[in-house]
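Structure first, then comments.
Numbering (my numbering), first residue to last: 534 to 849.
Quick look at the structure:
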């Protein structure tokens, strides 16, 4: 029987028993979108796998001396929201993956997390298996990509200003207008959960943000980051805004990432208009992903019971 546990230094033996094939990492995070490692020999595969094992939150499933699966998770914007950044399984037995996911969620709850996120390719069996463990599929995203050279943006640049911490709540209000209620209910129904669920856009935690204001409220938002030759960006535009604002935000992203040879952005399925405008600028769909989430069961200390002590009455 395979068992799931945290990683130990002696697990190098289990890794060495791996069959030599490089299994794909099913978990996809926003900061690693578009970074796909090519098949490598066994030694490099072991190094790749073991690099995840050095993290704080890592679990493996072993059977005897053989590794059956590995999962790694990290926090998003706060410790109350985690995301899986590595999910590898070598066994066709679906219970291996189910046990890994259950263990991740249980340990996340004990560490104070309230929700665990998972993004996987839409064609992956992990979508169905994770749904069987309590993860809820609440969003599908398209990966849109464009290469260079790109034509210069001809849009009139919106009045962008740099985003600051004081703009967080205004951005959350914009998120509420941009995102349909069924998605918000799972992803971030409150301001606190929205802050916790925010993803990093680059491995170095860098990234620049801008805001478009109107009447003292956020009307548009843009975040982007350069990671070598790859540029990543995301945006939101008020549902009541004219399409020109979306075009202008795309133009601002293209202008600020003009030195990157490849541009990538994740477009939620509900933003069909954004996809159309990206396609008009030369972007093409490269992949589709499913985002799932599962709430944890946090342990609550039971109340200590004590025998009732009768209180003597005082004569009037």
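Yeah, the Cβ is synthetic: ideal placement off N, Cα and C, and Gly gets one too.
Could you please give me the residues that DSSP links to residue i through a beta bridge?
| i | result |
| --- | --- |
| residue 742 | 756 |
| residue 810 | Bridge partners of residue 810: none, in fact. |
| residue 723 | Its beta-bridge partners do not exist; DSSP assigns none. |
Return the Cβ separation of residue i and residue j in integer angstroms, given the expectation that the two are a contact with Cβ distance under 8 Å.
| i | j | result |
| --- | --- | --- |
| residue 782 | residue 753 | 5 Å |
| residue 607 | residue 622 | Rounded, the Cβ-Cβ distance is 19 Å, inconsistent with contact. |
Between residue i and chain D, is there a C-beta pair that is closer than 8 Å?
| i | result |
| --- | --- |
| residue 566 | Although the question refers to chain D, the structure presented lacks it and comprises just one protein chain. |
What number of angstroms, rounded off, separates the C-alpha of residue i from the C-alpha of residue j?
| i | j | result |
| --- | --- | --- |
| residue 695 | residue 703 | 14 Å |
| residue 604 | residue 648 | 16 Å |
| residue 588 | residue 829 | Note on residue 588: pLDDT 45, under 50, position unreliable in the model; the coordinate value appears next. Spanning the two alpha carbons is a distance of roughly 21 Å. |
| residue 654 | residue 667 | 18 Å |
| residue 819 | residue 611 | 30 Å |
| residue 815 | residue 803 | 20 Å |
| residue 720 | residue 708 | 11 Å |
| residue 777 | residue 615 | 36 Å |
| residue 560 | residue 659 | 9 Å |
| residue 757 | residue 676 | 15 Å |
| residue 642 | residue 811 | 39 Å |
| residue 716 | residue 750 | 22 Å |
Measuring alpha carbon to alpha carbon, tell me which of the options ends up nearest residue i.
| i | options | result |
| --- | --- | --- |
| residue 620 | 648, 613 and 558 | 558 |
| residue 657 | 827, 822 and 826 | 822 |
| residue 697 | 746, 725 and 720 | 746 |
| residue 562 | 652, 636, 596 and 593 | 652 |
| residue 627 | 827, 601, 785 and 789 | 601 |
| residue 871 | 644, 713, 616 and 795 | Any answer about residue 871 is impossible in this case: the structure gives the chain only from 534 up to 849. |
| residue 635 | 744, 663 and 614 | 663 |
| residue 767 | 750, 807 and 773 | 807 |
| residue 678 | 700, 769, 637 and 817 | 817 |
| residue 728 | 701, 779, 737 and 741 | 701 |
Hey, is residue i close to the ligand PLP, as in C-beta under 7 Å from one of its heavy atoms?
| i | result |
| --- | --- |
| residue 772 | The ligand PLP is absent from the structure shown, which contains no ligands of any kind. |
- Task: Quick one: which unbroken beta strand (DSSP E) runs of 3-plus residues sit fully inside the stretch 752 to 790? Chain order, please.
- Result: 763 to 770
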